[in-house]
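Throughout the sequence shown, residue numbering follows the numbering used here, covering 3 to 364 in sequence.
Backbone N, C-alpha and C fix where the C-beta goes; we use that ideal spot for every residue, glycine too.
Computed from a predicted model, the values in this text were never measured in an experiment.
Here is the structure we will look at.
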Amino acid sequence: MPRTYRVVKKRGRASISQKLRHKREQALNMCSSDEYVPEDSHVQYYNSLPEEDLPDLELERETCGTPSVLDGNRIVDISYFIEEVKKIGIHDSTCTMGKMKFIKEHRRGVTSKLLFGCDTCCKTLHVQTQPENTVETSNEALVWGSLSIGIGFSQLQELLSVLNTPTMAKKTYNRYEINVWKKWKNELCQQMKKAAEEERKLAIAEGNIENGVPYITVVVDGGWAKRSYGHGYSSMSGDLRNLPYHIFGSHDSCRDVVCTRKLNNEENLVGLLQEDHLFEEIQKCVDNVVRKADRLQKNVTTNYAERYMSLITKFSGGKRVNYTTGGSYQRRCVGAALAYNLGPPWHLALMNKPHLNKFCET
3 MPRTYRVVKK RGRASISQKL RHKREQALNM CSSDEYVPED SHVQYYNSLP EEDLPDLELE
63 RETCGTPSVL DGNRIVDISY FIEEVKKIGI HDSTCTMGKM KFIKEHRRGV TSKLLFGCDT
123 CCKTLHVQTQ PENTVETSNE ALVWGSLSIG IGFSQLQELL SVLNTPTMAK KTYNRYEINV
183 WKKWKNELCQ QMKKAAEEER KLAIAEGNIE NGVPYITVVV DGGWAKRSYG HGYSSMSGDL
243 RNLPYHIFGS HDSCRDVVCT RKLNNEENLV GLLQEDHLFE EIQKCVDNVV RKADRLQKNV
303 TTNYAERYMS LITKFSGGKR VNYTTGGSYQ RRCVGAALAY NLGPPWHLAL MNKPHLNKFC
363 ET
């Protein structure tokens, strides 16, 4: 509604006389001589007063209230938003005397609901940037993407600030992060169960059974796999170094579960070779093989763990930010495990979004 302000301004006798003279001339132009009415008595009274006794002249000034102003950019569903804006055009075509004006904005995360009101018929319209049933999905997708590329709330806030786009509150971000983590965790548990069943079948097929229980070699966090149960070796470097001793009859470093020659009372030729300095030359050749042990075709290295750790590094932003205190690091590890198991299309396993196909091609 228009607001009226009263401004008091002192005017002198000359100003009033000039105004009255102007009105008299207008009346003479519009009326005939017999229709002209002389000045009223109260005008003559004011003309007779001294200038200092004249009353103050009062002026009325109308100003419209300052409306809310939309600023910056918004993330919109473009086709849906165009249909929403059409509602304003439909109203303007029916209410010819009125015009829709922006009143306020209600934000939910990175989505907005804009309120418009007609200045004549007082009708209000809501225009949303996203469909109501996708508001939660849009905010969740923003947090999902932030975790996938290794940034957190502070980096997301800075990114959206550069784009001049409002962001969500820290509390809202944390809530969506937990929702994303729950979906990731449920999917990962299902993937782990499938992988365990497949590993069990492969272990049985290869005869890797200990006391009726199938076993597999496990690589843990970048370290060489353990030589557990005396089966399968993850690293052969230790055995390669002991190889010359084993061949020439010294079985002191051989393990009972692997070497059975120590029971044959073989002649130990290591001492004889050391006297002739031949054993040193043999060791040099073996050392050259040991240095390249990780390149052997049949060797099992920590490449699996290292690849997984590289994905964790991506999800955690190169470990430059401490995400462990709030539990965010564990959630990112779950996402890295999904990316490791499912490959580039891992997003599609949880989000049925066709627009992701071009980014998830293998």
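### Task
Quick one: residues in its chain with C-beta nearer than 7 Å to the C-beta of N75, no 5 flanking neighbours on either side, listed in chain order?
L165, N166, T167
### Exposed unless 16 or more other CB atoms sit within 10 angstroms - verdict on A197
exposed
### Task
For T326, count neighbouring C-beta atoms within 10 Å of its own C-beta (all shown protein chains included) and say buried if the count is 16 or more, exposed if not.
exposed
### Task
Just the C-alpha distance for P133 and D79, rounded to the nearest angstrom, thanks.
8 Å
### Message
Helix, strand or coil for Y277? Go by DSSP, reduced to three states.
### Response
Note that residue 277 corresponds to Glu in the displayed sequence, not to Tyr. E277: helix per DSSP, three-state reduction.
### Alpha-carbon to alpha-carbon, D94 and E142
36 Å
### Query
Would you report the Cα separation of Y82 and K88, rounded to the nearest angstrom?
10 Å
#### Entry: E179 classed as buried or exposed, judged by whether at least 16 other C-beta atoms fall within 10 angstroms
buried
### Query
Would you say L352 and L340 are within 9 Å of each other, going by their C-beta atoms?
yes
### Query
Under the DSSP definition of a beta bridge, which residues are partnered with I211?
P216
### Task
List the endpoints of the continuous alpha helix (DSSP H) containing R309.
305-317
### Task
Evaluate L1 with the Cβ neighbour count: other Cβ atoms within 10 Å of its Cβ, from every protein chain shown; 16 or more gives buried, anything less gives exposed.
No information on residue 1 is available, as it lies outside the stretch 3 to 364 that the chain covers here.
### Task
State the Cα-Cα distance for the pair M102 and M170, rounded to the nearest angstrom.
28 Å
### Message
Given a cut-off of 9 Å on the beta-carbon distance, is the pair I90 and V129 in contact?
### Response
yes
### Residues of its chain near L242, where Cβ-Cβ distance is below 7 Å and the 5 sequence neighbours each way are ignored
V288, V291, V292, A295
### Task
With DSSP as the reference, label E107 as helix, strand or coil.
strand
### Task
Consult DSSP for F250 and reduce its assignment to one of helix, strand or coil.
coil
### Query
For M396, which of R23, W348, H24, N343 has the nearest alpha-carbon?
Any property of residue 396 remains undetermined from this structure, which presents the chain solely from 3 to 364.
### Query
Since V221 contacts A307 with CB under 8 Å, what's their CB separation in whole angstroms?
5 Å
### Query
In chain order, what residues of the same chain lie with their CB nearer than 7 Å to the CB of I206, ignoring the 5 residues before and after it?
P216
### Where the beta strand (DSSP E) through S114 begins and ends
113-120
### Task
Per DSSP, which residues does M102 bridge with? Please list them.
C120
#### Entry: DSSP state of V221 mapped onto helix, strand, coil
coil
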